[in-house]
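Please read the structure below before turning to the comments.
There are 2 protein chains.
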Amino acid sequence: MNISQAAVQSGVSSKAIRYYEGIGLIEPARRSDNGYRDFDDGDVHMLRFVARARGLGFSVIEVAELLALYRDRERASAQVRKVAQGAIRRIEDKVAELQSMGDTLKHLVERCHGDQRPDCPILDDLAGRH
Amino acid sequence: MNISQAAVQSGVSSKAIRYYEGIGLIEPARRSDNGYRDFDDGDVHMLRFVARARGLGFSVIEVAELLALYRDRERASAQVRKVAQGAIRRIEDKVAELQSMGDTLKHLVERCHGDQRPDCPILDDLAGRH
DNA sequence: CTTGACGTTCCAGTAACTAGAAGCCCTAAC
DNA sequence: GTTAGGGCTTCTAGTTACTGGAACGTCAAG
Chain A
206 MNISQAAVQS GVSSKAIRYY EGIGLIEPAR RSDNGYRDFD DGDVHMLRFV
256 ARARGLGFSV IEVAELLALY RDRERASAQV RKVAQGAIRR IEDKVAELQS
306 MGDTLKHLVE RCHGDQRPDC PILDDLAGRH
Chain B
206 MNISQAAVQS GVSSKAIRYY EGIGLIEPAR RSDNGYRDFD DGDVHMLRFV
256 ARARGLGFSV IEVAELLALY RDRERASAQV RKVAQGAIRR IEDKVAELQS
306 MGDTLKHLVE RCHGDQRPDC PILDDLAGRH
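Okay, here's the thing in structure tokens:
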């Protein structure tokens with residue numbers, strides 16, 4: 206099948222597929238006589254693996270590791286677990302950071318009357334006036 | 206004062222100050238006779254405003270808006286509030302997304318025995334085997 | 001006078017793609 | 001036969017918010 210079919214079936218855009226091939230995340234696709242990339246169900250399956258891993262917050266580099274582990278019959282689940290735990294920690298750190306930012310902003314918005322007056326606690330805070 | 210002093214006092218790196226100037230977020234700094242940028246306490250104050258706003262998750266474009274509102278004596282706090290609420294929503298969306306990813310990953314890690322066996326629920330999930 | 005720590009500009013690189021240009025290829029309709 | 005439309009190819013550039021580094025000017029100390 207052509208790239209757009211593979212894109213639809215896998216949930217990875219054509220552009221992204223070419224990009225993944227370009228950076229070496231996935232093997233270069235076979236080519237038809239006309240030079241078009243040619244995908245089969247196995248390729249689509251693998252692209253779905255990539256899409257799901259990316260959606261779970263794994264970086265492209267981590268996805269490459271996971272694909273290697275997936276291909277390796279001898280891989281140990283401990284290694285996979287380690288990659289996953291790294292991703293979890295990164296995610297949790299990011300959540301904590303975002304929540305802290307959000308809390309501060311919400312607090313400021315609550316105190317902001319939000320009308321036509323030029324007096325604004327949000328700007329006051331940003332300006333360092335307490 | 207020179208750029209590195211301003212950087213230390215404001216918490217914005219020298220590189221970032223030049224970058225902000227380059228993209229027009231802040232006014233071009235005055236120059237000393239030797240061509241060095243010259244900052245005063247007012248500049249540092251403004252840089253701190255930028256640093257705090259960035260730290261709260263405002264995009265550079267939003268910071269530009271906030272600076273304009275801050276400079277504008279006639280600005281209405283409603284406008285500021287609107288920008289802040291936009292930032293809050295973006296943050297909340299991101300948190301929800303990250304938490305969903307994290308929850309799934311944690312669930313998978315729990316079910317992964319994490320030993321030397323090549324059997325791994327995480328890879329099984331990524332591969333679409335349920 | 002030299003050394004080393006600053007300052008300057010400009011170019012490249014980061015992450016993970018997306019957008020768009022220029023140019024084949026294929027199919028179907030006229 | 002050819003023309004119109006899509007889809008395919010490659011390539012470059014743009015995105016966000018900077019950071020790192022090269023090449024070079026400037027300044028204060030010894």
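Top line first, the protein sequences correspond to chains A and B.
Read left to right, the first sequence gives residues 206 to 335 (my numbering).
Read left to right, the second sequence gives residues 206 to 335 (my numbering).
A virtual CB, placed ideally from N, CA and C, is assigned to each residue, including glycine.
The structure presented is a predicted model; accordingly, all values stated were derived computationally and were not measured.
- Of all residues in the segment 206-219 of chain A, none comes within less than 8 angstroms of chain B when Cβ atoms are compared.
- Judged by their CB atoms, B:G216 and A:M306 are not nearer to each other than the 8 angstroms cut-off.
- Among the residues of the segment 310-330 of chain B, those with a Cβ less than 7 angstroms away from any Cβ of chain A are L310, K311, L313, V314, C317, H318, G319, D320, Q321, R322, P323, D324, C325, I327, L328, in the order of the chain.
- In the three-state reduction of the DSSP assignment, A:D243 falls in the strand class.
- By the criterion of a C-beta distance shorter than 7 angstroms, B:E226 is surrounded in its chain by P233, A234, once the five residues flanking it on both sides are discounted.
- For A:F254, the nearest CB of chain B lies under 8 angstroms from its own CB, placing it at the interface with that chain.
- Here DSSP, grouped into helix, strand and coil, assigns B:R235 to strand.
- Per DSSP, A:D308 is one residue of the alpha helix (DSSP H) stretching across 282-316.
- Note on geometry: alpha-carbon atoms of B:D245 and B:A211 lie some 8 angstroms from one another.
- Annotation: A:V249 has no Cβ neighbours in chain B at a cutoff of 9 angstroms; minimum Cβ distance is about 10 angstroms.
- About 15 angstroms separates the Cβ atoms of A:R257 and B:V314, ruling out a contact at the 8 angstroms cut-off.
- Scanning chain A for C-beta atoms nearer than 9 angstroms to the C-beta of B:R280 yields P323, C325, L328, reported in chain order.
- Close to chain A, meaning a Cβ-Cβ distance shorter than 7 angstroms, are the following residues of the segment 280-301 of chain B: R280, A281, S282, A283, V285, R286, A289, Q290, A292, I293, I296, E297, K299, V300.
- Spatial neighbours of A:C325 in its own chain (CB-CB distance under 7 angstroms, excluding positions within 5 residues in sequence) are listed in chain order as C317.
- Cβ contact annotation for B:M206 (same chain, cutoff 6 angstroms, sequence separation greater than five): F244, in chain order.
- Per the C-alpha coordinates, the member of B:V268, B:G291, B:R253 positioned closest to B:I228 is B:V268.
- Using a Cβ-Cβ cut-off of 8 angstroms, B:L230 does not count as an interface residue toward chain A, since no Cβ of chain A sits closer than that to its own.
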